[in-house]
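Under numbering that gives the first Met the number 0, the first residue of the sequence shown is numbered 0, with each subsequent residue one higher.
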Amino acid sequence: MKTDLHTHTTASDGKLTPEQLVDSAARLGINVLGITDHDTVAGIPLALEAAKRHPSVIVVPGVEINCDVTDGELHILGYFIDAHSAQLDAELERLRNSRRERGSRMVAKLQALGMDIKWERVQEIAGSGSVGRPHVAQALLEAGHVSSLRDAFDRYIGRNGPAYVEREKITPIDAVRLIVKAGGLPVLAHPADVPDLDNFIRQLKTAGLVGLEVYYDGYGTDVICDLLGTASRHKLLVTGGSDFHGIGGEAGGELGQPNVPESCARGLFALAGKTLD
Ligand code: AMP
Ligand code: ZN
Ligand code: FE
Ligand code: FE
């Protein structure tokens, strides 16, 4: 079973709608598709509906929560969360509000730097979805201030850029707890660059972490072997995905890449007490 457990849609900063993403997955022969938008579950009902037209595709409802750590951030994935959980919804809404406020402050900084971009346009690009820096980057690109989305991050809105603004986030421990409370399975996303990973995993496991994303866009054999060892030492489920953001997107990989072993999907379903056939 071809598996991709990490993708984004227009519900956050992906380019394809949930329907288009499921259509693309079906075309590419992907059988297990995890939808993991940043700080929102709004795309899930639409994806589940679309999957009815494609019996070969099983949609795994998920979320990716951006968390604060010293000098950076890391991301916690949550699979099989209850997309109707009131507590999850309230907390994610708080995070989305902080994304909006931060987006408008970044636009103000860009304007102060002499750039002619408007917050209204950024909101239009983001639509009803979770506002992210890629939407600001797109507005900069349209206005001709940068040559690509990457250029926007490199020159202005990357972490050390002159128009970067921090936003309110939650701690990784709280994100893990939130996912568990919403009936989900928390997994540490793209962990290759996390400092002191073993120690960190030990802390997160006490809060309920069950998995590690081992197969990921750009991870070579050495990194994967290392992470497989880490997952095994801590008895964590192994998962993987592309972090696909969209055709022509500049973050994440191509849909269905890298190859994620079927055992990842089977392990996830088994832990969730679900069958996969
Ligand atoms: P945010 O969640 O608003 O902080 O924005 C982070 C998102 O921006 C990531 O999930 C990626 O989709 C995208 N991103 C981060 N760094 C880059 C980059 N250098 N070039 C293009 N997109 C990026
Ligand atoms: Zn993103
Ligand atoms: Fe991420
Ligand atoms: Fe992601």
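Ideal Cβ positions, reconstructed from N, Cα and C, are used throughout, including at glycine. Just so it is clear, the structure is predicted and the values come from calculations on it, not from any experiment.
- Only buried fits N65, as 16 or more other CB atoms lie within 10 angstroms of its CB.
- Excluding residues up to 5 positions away in sequence, L15, T16, P17, G42, G126 and G128 lie with their Cβ nearer than 8 Å to the Cβ of T9 in the same chain.
- Between H7 and E63, the C-beta spacing is below 9 Å.
- Counting of Cβ neighbours within 10 angstroms places H74 among the buried residues, the total reaching 16 or more.
- Rounded to the nearest whole angstrom, the CA to CA distance from G217 to G252 is 8 Å.
- Relative to M0, the option among A49, G272 and I57 whose CA is nearest is I57.
- Counting C-beta pairs with one atom in each stretch, the stretch 159-170 and the stretch 187-201 have fewer than three that are closer than 8 Å, which means they do not touch.
- The criterion of a C-beta distance shorter than 9 Å is satisfied by V237 and L226.
- Separation of V164 and A142 (C-alpha to C-alpha, rounded to the nearest whole angstrom) is 21 Å.
- Segment contact: the stretch 258-272 against the stretch 149-165, fewer than three CB-CB distances shorter than 8 Å; contact not assigned.
- Taking non-hydrogen atoms of ligand 2 into account, the C-beta of D12 is found less than 8 Å away from one of them.
- Around the CB of L32, 16 or more other CB atoms lie within 10 Å, so the residue is classed as buried.
- In the DSSP annotation of this structure, the continuous segment of the alpha helix (DSSP H) that includes T229 starts and ends at T220 to R232.
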